[in-house]
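Trainee: Please find one structure pasted underneath; my questions will follow.
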Amino acid sequence: GAGVSQSPSNKVTEKGKDVELRCDPISGHTALYWYRQSLGQGLEFLIYFQGNSAPDKSGLPSDRFSAERTGGSVSTLTIQRTQQEDSAVYLCASSLSSGLAGQETQYFGPGTRLLVL
Amino acid sequence: GEDVEQSLFLSVREGDSSVINCTYTDSSSTYLYWYKQEPGAGLQLLTYIFSNMDMKQDQRLTVLLNKKDKHLSLRIADTQTGDSAIYFCAERLSEDSNYQLIWGAGTKLIIKP
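Chains as they are written, first to last, in our numbering: chain A, 1 to 117; chain B, 1001 to 1113.
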């Protein structure tokens, strides 16, 4: 597609339920990132995928959070047993990740707004 | 640890210049970025500057970098209502960490008529 897309755009769930958030990166981008943005906060890095390499999961806040990237393209972020503090906007970005200025630029999707009641 | 700080709000009159400031702590920054987030939209890259530059201009946008003081600014000339958004400053630390960006909390630009 022309840009990074995410679905759903909004998700309301009850505490304790599992949720899945989807990201479709820009075609040809090998790198994919998940961030969390809480109200009035900067972006919090969650996880990074680069090609077929093992993902960098160092930003995941707990073992309730996991992510997959199938076929080097679409990614799913799963939050199990959601808590109210998980409420935030979850942003996905992709990049060519060649390391050269301008080419590693991250292009963001519109985000999924998650509200846990 | 690394930190990027910005004021949370900036209010300017339409037609005036807006100057959004950002300070960072890590002197090993290689690139510094400005992203714009409009309501309900994703982040959009506005511009970036390499750490060996002190100024970059792109139409109404001017980026100034004072590496000694670790201070970055974004000037928007002739601010318009369409410039209303949250502006995020981010730094990339080293050539090897091409994915590791440290983000500020964002400055909300409010345009007064």
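Glycine included, every Cβ here is placed at the ideal spot set by N, Cα and C.
Measuring straight from C-alpha to C-alpha, what distance separates B:Gly1015 and B:Thr1062?
Mentor: Within the second sequence, numbered from 1, the residue matching residue 1015 of chain B stands at position 15. Within the second sequence, numbered from 1, the residue matching residue 1062 of chain B stands at position 62. Roughly 16 Å separates the two Cα atoms.
Trainee: B:Trp1034 CB to nearest chain A CB: under 8 Å?
Mentor: In the second sequence, the residue the question calls residue 1034 of chain B occupies position 34. Not closer than 8 Å to any Cβ of chain A, the Cβ of B:Trp1034 fails to qualify, so no.
Trainee: CB B:Phe1088 to CB B:Tyr1048, shorter than 8 Å?
Mentor: By one-based count along the second sequence, residue 1088 of chain B stands at place 88. By one-based count along the second sequence, residue 1048 of chain B stands at place 48. Cβ atoms of B:Phe1088 and B:Tyr1048: not closer than 8 Å.
Trainee: Less than 8 Å between the beta carbons of A:Leu91 and A:Gly111, yes or no?
Mentor: Working through the first sequence from its first residue, we reach residue 91 of chain A at position 91. Working through the first sequence from its first residue, we reach residue 111 of chain A at position 111. Yes, they are a contact pair.
Trainee: Could you pull out every residue in the same chain whose Cβ sits closer than 6 Å to the Cβ of A:Val86, ignoring the five residues on either side in sequence?
Mentor: The residue labelled residue 86 of chain A in the question sits at position 86 within the first sequence. Strictly speaking, residue 86 of chain A in this sequence is Asp, with Val absent from that position. So the qualifying residues of the chain are Ile79, Val116.
Trainee: By the three-class DSSP mapping on this structure, what secondary structure does B:Asp1058 have?
Mentor: Within the second sequence, numbered from 1, the residue matching residue 1058 of chain B stands at position 58. Strand.
Trainee: What's the gap between the Cα of A:Glu20 and the Cα of A:Pro8?
Mentor: As a first step, residue 20 of chain A is located in the first sequence; it is residue number 20 there, counting from the start. As a first step, residue 8 of chain A is located in the first sequence; it is residue number 8 there, counting from the start. Their Cα atoms are separated by approximately 9 Å.
Trainee: Within 8 Å of any Cβ in chain A, is that where the Cβ of B:Leu1072 sits?
Mentor: As a first step, residue 1072 of chain B is located in the second sequence; it is residue number 72 there, counting from the start. Answer no: the Cβ-Cβ gap between B:Leu1072 and chain A never drops below 8 Å.
Trainee: Indicate whether the contact test is met: 3 or more Cβ pairs, each with one atom in the stretch 24 to 34 of chain A and one in the stretch 45 to 57 of chain A, closer than 8 Å.
Mentor: They touch, by the three-pair rule.
Trainee: Alpha carbon to alpha carbon, how far is A:Asn52 from B:Arg1092?
Mentor: The sequence position of residue 52 of chain A within the first sequence is 52, counting from 1. The sequence position of residue 1092 of chain B within the second sequence is 92, counting from 1. Approximately 23 Å between the Cα atoms of the pair.
Trainee: For B:Phe1009 and B:Ile1110, which I take to be in contact (beta-carbon distance under 8 Å), what is that distance rounded to the nearest angstrom?
Mentor: Position 9 of the second sequence, counted from the first residue, corresponds to residue 1009 of chain B. Position 110 of the second sequence, counted from the first residue, corresponds to residue 1110 of chain B. Yes, they are in contact, since the Cβ atoms of B:Phe1009 and B:Ile1110 sit about 7 Å apart, within 8 Å.
Trainee: Looking at the C-beta of A:Thr112, does it have a partner C-beta in chain B at a distance below 8 Å?
Mentor: Locating residue 112 of chain A in the first sequence gives position 112, counting from the first residue. A:Thr112 does not count as touching chain B.
Trainee: Between A:Asp56 and the rest of its own chain, which residues show a CB-CB distance below 7 Å, the 5 nearest in sequence each way excluded?
Mentor: As a position in the first sequence, residue 56 of chain A is number 56, starting the count at 1. Within the same chain, A:Asp56 has close Cβ partners Ile47, Tyr48.
Trainee: Give a yes or no on whether 8 Å exceeds the smallest Cβ distance from B:Ala1105 to chain A.
Mentor: Reading the second sequence from its first residue, position 105 is the one you call residue 1105 of chain B. Yes, B:Ala1105 counts as interfacial toward chain A.
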